[in-house]
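Quick note on the numbering used here: the sequence shown kicks off at 243 and runs consecutively. C-beta atoms are modelled at their ideal positions from N, C-alpha and C, and glycine is treated no differently.
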Amino acid sequence: MNAANDHDNPTRLEAIRAIAISKDAAVTRALVHLLMEENSAVRASAAKAIAELGQVAVPELKKLAFGQHLSATRAAATGLDLINYEPATREESIWLAAARRDYETFQEFGEEGLLMFKDYLVSNDNYVRALAAATLSA
(Lines of atoms letter the chains of each structure in order from A and count residues from 1; the text may use other names and numbers.)
(Lines give C-alpha, C1' and ligand atoms only; values in the text may rest on other atoms or scores of the structure.)
Protein backbone atom coordinates (compact mmCIF):
# COMPACT_ATOMS: atom_id res chain seq x y z
CA MET A 1 0.00 0.00 0.00
CA ASN A 2 2.93 2.36 0.63
CA ALA A 3 4.02 2.23 -3.01
CA ALA A 4 0.46 3.01 -4.14
CA ASN A 5 0.37 6.14 -1.99
CA ASP A 6 3.88 7.32 -2.84
CA HIS A 7 3.55 10.05 -5.48
CA ASP A 8 7.22 9.69 -6.46
CA ASN A 9 7.22 5.91 -6.83
CA PRO A 10 7.59 4.89 -10.51
CA THR A 11 5.78 1.61 -9.84
CA ARG A 12 2.77 3.32 -8.28
CA LEU A 13 0.26 2.21 -10.93
CA GLU A 14 1.44 -1.40 -10.75
CA ALA A 15 1.13 -1.27 -6.96
CA ILE A 16 -2.45 -0.01 -7.22
CA ARG A 17 -3.34 -2.80 -9.65
CA ALA A 18 -1.75 -5.41 -7.37
CA ILE A 19 -3.85 -4.27 -4.43
CA ALA A 20 -7.03 -5.55 -6.05
CA ILE A 21 -5.60 -9.03 -6.39
CA SER A 22 -5.58 -9.32 -2.61
CA LYS A 23 -9.40 -9.21 -2.47
CA ASP A 24 -8.87 -7.58 0.93
CA ALA A 25 -11.62 -5.12 1.82
CA ALA A 26 -9.17 -3.28 4.08
CA VAL A 27 -7.66 -1.56 1.03
CA THR A 28 -10.98 -0.03 -0.05
CA ARG A 29 -10.57 3.23 1.90
CA ALA A 30 -7.14 3.86 0.37
CA LEU A 31 -8.48 3.15 -3.12
CA VAL A 32 -11.35 5.61 -2.63
CA HIS A 33 -8.83 8.28 -1.67
CA LEU A 34 -6.86 7.45 -4.82
CA LEU A 35 -10.04 8.13 -6.83
CA MET A 36 -9.65 11.75 -5.72
CA GLU A 37 -6.10 12.11 -7.08
CA GLU A 38 -5.30 14.71 -9.73
CA ASN A 39 -3.42 12.14 -11.82
CA SER A 40 -5.93 10.54 -14.19
CA ALA A 41 -3.86 7.36 -14.56
CA VAL A 42 -3.92 6.90 -10.77
CA ARG A 43 -7.69 7.48 -10.71
CA ALA A 44 -8.19 4.96 -13.52
CA SER A 45 -6.03 2.35 -11.75
CA ALA A 46 -7.89 2.89 -8.48
CA ALA A 47 -11.24 2.57 -10.25
CA LYS A 48 -10.17 -0.68 -11.89
CA ALA A 49 -8.90 -2.01 -8.55
CA ILE A 50 -12.22 -1.22 -6.85
CA ALA A 51 -14.12 -2.91 -9.66
CA GLU A 52 -11.90 -5.98 -9.26
CA LEU A 53 -12.46 -6.05 -5.49
CA GLY A 54 -16.17 -6.25 -6.20
CA GLN A 55 -18.61 -7.09 -3.44
CA VAL A 56 -15.96 -7.33 -0.69
CA ALA A 57 -15.60 -3.54 -1.02
CA VAL A 58 -19.30 -2.76 -0.47
CA PRO A 59 -19.32 -2.39 3.35
CA GLU A 60 -16.43 0.08 3.37
CA LEU A 61 -17.71 1.95 0.32
CA LYS A 62 -21.08 2.36 2.02
CA LYS A 63 -19.42 3.70 5.18
CA LEU A 64 -17.51 6.23 3.11
CA ALA A 65 -20.48 7.15 0.93
CA PHE A 66 -22.74 8.00 3.85
CA GLY A 67 -21.44 10.84 5.96
CA GLN A 68 -17.83 11.44 5.07
CA HIS A 69 -15.97 14.39 3.61
CA LEU A 70 -17.88 15.51 0.53
CA SER A 71 -15.20 14.47 -1.95
CA ALA A 72 -14.82 11.06 -0.22
CA THR A 73 -18.59 10.63 -0.31
CA ARG A 74 -18.60 11.29 -4.04
CA ALA A 75 -15.62 9.03 -4.70
CA ALA A 76 -17.17 6.20 -2.67
CA ALA A 77 -20.45 6.59 -4.57
CA THR A 78 -18.43 6.25 -7.76
CA GLY A 79 -16.84 3.11 -6.31
CA LEU A 80 -20.27 1.65 -5.64
CA ASP A 81 -21.22 2.36 -9.25
CA LEU A 82 -18.07 0.61 -10.44
CA ILE A 83 -19.18 -2.63 -8.81
CA ASN A 84 -22.80 -2.22 -9.94
CA TYR A 85 -24.10 -1.83 -6.39
CA GLU A 86 -27.90 -1.68 -6.17
CA PRO A 87 -29.17 0.52 -3.31
CA ALA A 88 -31.14 -1.41 -0.70
CA THR A 89 -33.63 1.36 0.08
CA ARG A 90 -35.22 4.31 -1.63
CA GLU A 91 -33.45 6.67 0.77
CA GLU A 92 -30.12 5.09 -0.17
CA SER A 93 -30.99 5.58 -3.86
CA ILE A 94 -31.70 9.26 -3.28
CA TRP A 95 -28.50 9.76 -1.28
CA LEU A 96 -26.32 8.01 -3.86
CA ALA A 97 -27.86 9.99 -6.73
CA ALA A 98 -26.93 13.19 -4.90
CA ALA A 99 -23.47 11.90 -3.99
CA ARG A 100 -22.77 11.04 -7.63
CA ARG A 101 -24.01 14.50 -8.69
CA ASP A 102 -26.64 12.72 -10.74
CA TYR A 103 -29.10 15.56 -10.31
CA GLU A 104 -31.38 14.30 -13.08
CA THR A 105 -32.00 11.07 -11.14
CA PHE A 106 -32.24 13.03 -7.88
CA GLN A 107 -34.99 15.19 -9.41
CA GLU A 108 -36.93 12.06 -10.37
CA PHE A 109 -37.48 11.46 -6.65
CA GLY A 110 -39.34 14.76 -6.57
CA GLU A 111 -40.67 16.09 -3.29
CA GLU A 112 -39.38 13.06 -1.38
CA GLY A 113 -35.75 13.84 -2.24
CA LEU A 114 -36.18 17.55 -1.62
CA LEU A 115 -37.73 17.03 1.80
CA MET A 116 -35.08 14.49 2.76
CA PHE A 117 -32.27 16.88 1.81
CA LYS A 118 -33.96 19.91 3.42
CA ASP A 119 -33.92 17.90 6.65
CA TYR A 120 -30.22 17.19 6.10
CA LEU A 121 -29.49 20.93 6.04
CA VAL A 122 -29.94 20.98 9.83
CA SER A 123 -28.00 17.78 10.50
CA ASN A 124 -25.37 17.75 13.23
CA ASP A 125 -23.03 16.12 10.72
CA ASN A 126 -21.07 18.73 8.74
CA TYR A 127 -20.57 16.35 5.82
CA VAL A 128 -24.27 15.55 5.54
CA ARG A 129 -25.06 19.28 5.56
CA ALA A 130 -22.42 19.90 2.89
CA LEU A 131 -23.90 17.28 0.55
CA ALA A 132 -27.41 18.61 1.17
CA ALA A 133 -26.36 22.20 0.43
CA ALA A 134 -24.45 21.17 -2.71
CA THR A 135 -27.38 19.10 -3.97
CA LEU A 136 -30.11 21.61 -3.26
CA SER A 137 -28.15 24.43 -4.84
CA ALA A 138 -27.52 22.48 -8.07
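Pairwise C-alpha distance: residue j and residue i
i, j, result
"Q297", "N326", "9 Å"
"L338", "H275", "18 Å"
"D361", "A260", "42 Å"
"L277", "A286", "8 Å"
"D266", "K290", "15 Å"
"F308", "V370", "8 Å"
"S432", "S313", "Any question about residue 432 goes unanswered here, given that the chain covers just 243 to 380."
"A272", "Q349", "32 Å"
"A319", "A372", "15 Å"
"G352", "T253", "47 Å"
"A268", "A262", "11 Å"
"T347", "S335", "9 Å"
"I292", "H311", "19 Å"
"N366", "E279", "29 Å"
"N368", "S264", "34 Å"
Closest residue to residue i among the options (Cα-Cα distance)
i, options, result
"L322", "E302, L312 and L363", "E302"
"E354", "S365, N366 and A340", "A340"
"L378", "S264, T270 and R343", "R343"
"V284", "S264, D367, A293 and L255", "L255"
beta-carbon residue i near the ligand GDP non-hydrogen atom, thresh 7 Å
i, result
"E328", "This structure lacks the ligand GDP, and indeed carries no ligand of any kind."
Test item: CB-CB of residue i and residue j under 8 Å
i, j, result
"M358", "E328", "no"
"I258", "A299", "no"
"A375", "L356", "no"
"Y345", "A317", "no"
"T315", "L306", "yes"
"T270", "L295", "yes"
Short CB-CB distance (under 8 Å) between residue i and chain C
i, result
"T331", "Protein chain content of the structure displayed is limited to a single chain, and chain C is not contained in it."
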